[in-house]
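Numbering (full-length UniProt numbering), first residue to last: 1 to 149.
This is the structure we're talking about:
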């Protein structure tokens, strides 16, 4: 059995998050898939900012990392609005905004940053990251860098 690369695992998370948002916006109005997607996206942002971006930044990918941090802050604001459990029509509008944000953001990560992971993430940190991908939880009060007050 082939071991999934870090890039593949992170791309899989992108697809799972997108699917949760789509399940809500497709008309079912069941908020549970959306709630799972919001939690998963917050965890995914945590994983990137705490595990990946420092190594990518140190490897010289400063400009792309700064763009990703800015976009995380924008998405975090949308996630905060969704956490407020807006009425259905407002939630759909927020989900559409989040879908557009993710479309542009994920494409850049998958084409620019993720291909560099095997090169820049040292193996001990890679193992910690793989373990976190399997079962890790982000700290309850953690907030992305660009959303901190």
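For each residue, glycine too, the CB sits at the ideal point set by N, CA and C. Here the structure is a predicted model, which is why all the values come from computation and not from measurement.
- Sequence-distant Cβ neighbours of residue 55 in its own chain, meaning closer than 6 angstroms and more than five residues away, are 120, 121.
- For residue 78, the uninterrupted alpha helix (DSSP H) segment begins and ends at 62-83.
- In terms of CA proximity to residue 116, 60 leads the group 139, 96, 88, 60.
- Taking C-beta separations shorter than 6 angstroms and ignoring five residues to either side along the sequence, the partners of residue 142 in its chain run 46, following chain order.
- The beta carbon of residue 10 sits closer than 7 angstroms to the beta carbons of 114 from its chain, once the five residues preceding and following it are set aside; these are given in chain order.
- A Cβ-Cβ distance of about 6 angstroms is found for the pair residue 91 and residue 82, placing them in contact under the 8 angstroms criterion.
- Between the stretch 123-139 and the stretch 20-31 there are fewer than three inter-stretch CB-CB distances shorter than 8 angstroms, so the stretches are not counted as touching.
- With a cut-off of 8 angstroms on Cβ pairs, the stretch 29-36 is not in contact with the stretch 64-75, counting fewer than three such pairs.
- Excluding five sequence positions before and after residue 112, the CB atoms of its chain that fall closer than 8 angstroms to its own CB belong to 61, 64, given in chain order.
- The beta carbon of residue 129 lies closer than 8 angstroms to those of 6, 47, 51, 52, 121 in the same chain, with the five residues before and after it left out.
- Residue environment for residue 85: exposed (fewer than 16 other C-beta atoms within 10 angstroms of its C-beta).
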